[in-house]
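Numbers in this note's numbering are just positions in the sequence shown, counted from 1, shifted up by 101.
To start, the structure under review is shown below, and the notes come after it.
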Amino acid sequence: MAGRNSKKILEPNANPLAGGNIGIIKDPLGPNPQLVAATEPVPGILTNNVTLSGDGKYLIGSYPTLGGGGSAYVFDVEEIIKTVENPGGKNLATLAIDKANPKIAANIFATGGNPLGLIVAQKPPSFKAQIEKLLKAGAIG
């Protein structure tokens, strides 16, 4: 889930830790969803969108700035899961998950503008791959 850790982000001389981040929720659609970790807050940011890459390998967050610019932060889903399941003695309630495991932070992309509504598409399969899949499934002969 996208969020911010303080309303003071809009105030002059705000807490330097006030900013946007992404919360990791265990069993988000189940009967007992739990916030189990969060990424490090980015000062001056109002994180407002989170999506998975088309292949499900990356969690992408939209991190717009108050000035209208922004970046997209990319996190490795497999590393997030590994760290939540085995935090290695680190307390994820007080330590940002991407600080607990630096492999989680896959990349940051400056978008040159507000990344609101950012969508990351998976490369479509080639025509040959689609035909082979249909042949294998017996849909064509």
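Think of the CB as a built atom: it goes at the ideal place given N, C-alpha and C, for glycine as much as any other residue.
(1) Can you have a look at Ile182 and say buried or exposed, based on whether 16 or more other CB atoms are within 10 angstroms of its CB?
(2) What are the residues that DSSP puts in a beta bridge with Pro144?
(3) Within the same chain, show all residues whose beta-carbon is closer than 7 Å to that of Asn202, passing over the 5 residues directly before and after it, in chain order.
(4) Over the uninterrupted alpha helix (DSSP H) stretch that includes Thr152, give me the two end residues.
(5) Can you round the beta-carbon distance between Val143 and Tyr159 to whole angstroms, since I take them to be within the 8 Å contact cut?
(6) With a cut-off of 8 Å, do at least 3 Cβ pairs link the region 137 to 157 to the region 166 to 174?
(7) For Thr195, name the three-state secondary structure that DSSP assigns.
Taking the geometry as given:
(1) In the sequence shown, counting from the first residue as 1, residue 182 sits at position 81. When all chains shown are included, Ile182 counts as exposed.
(2) Sequence index remark: in the sequence shown, residue 144 carries index 43 (1-based). Residue pairing by DSSP places Pro144 opposite Gly120 in a beta bridge.
(3) Along the sequence shown, one-based indexing puts residue 202 at 101. For Asn202, where only same-chain residues beyond five positions count, the Cβ hits under 7 Å are Glu180 and Thr184.
(4) In the sequence shown, residue 152 corresponds to position 51, counting from 1. For Thr152, there is no enclosing alpha helix (DSSP H); the enclosing beta strand (DSSP E) covers residues Asn150 to Leu153.
(5) By 1-based counting over the sequence shown, the position of residue 143 is 42. By 1-based counting over the sequence shown, the position of residue 159 is 58. Taking a contact as a CB-CB distance under 8 Å, the pair Val143 and Tyr159 does not count as one, their CB atoms being some 17 Å apart.
(6) Here the region 137 to 157 makes contact with the region 166 to 174; the two share three or more CB pairs at distances below 8 Å.
(7) To locate residue 195, count along the sequence shown from 1; it is residue 94. Coil at Thr195, not helix or strand.
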